[in-house]
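Residue numbers (our numbering): 715 to 782. Yeah, the Cβ is synthetic: ideal placement off N, Cα and C, and Gly gets one too.
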């Protein structure tokens, strides 16, 4: 994984990757209840990525320098 300037930027990448992994598990799940379980977890991961994405956008809009 690439190094990012803030934790939120890193979390966006991580949660999107996790959502992709969970979606692939959902696609290959044999049973419907497992497919739904993985799909819900993927949606939650995408929601967490969105929270970090909004924080990162707010940081950029405020013009605050990223802590390195």
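Check: Is the stretch 717-734 in contact with the stretch 755-769, if contact means three or more CB pairs nearer than 8 angstroms?; Outcome: yes
Check: Which of the three DSSP states, helix, strand or coil, is assigned to residue 718?; Outcome: coil
Check: At what residues does the alpha helix (DSSP H) containing residue 753 begin and finish?; Outcome: 746-776
Check: Could you work out which residue in 771, 731, 742, 772 is closest to residue 760 when comparing CA atoms only?; Outcome: 731
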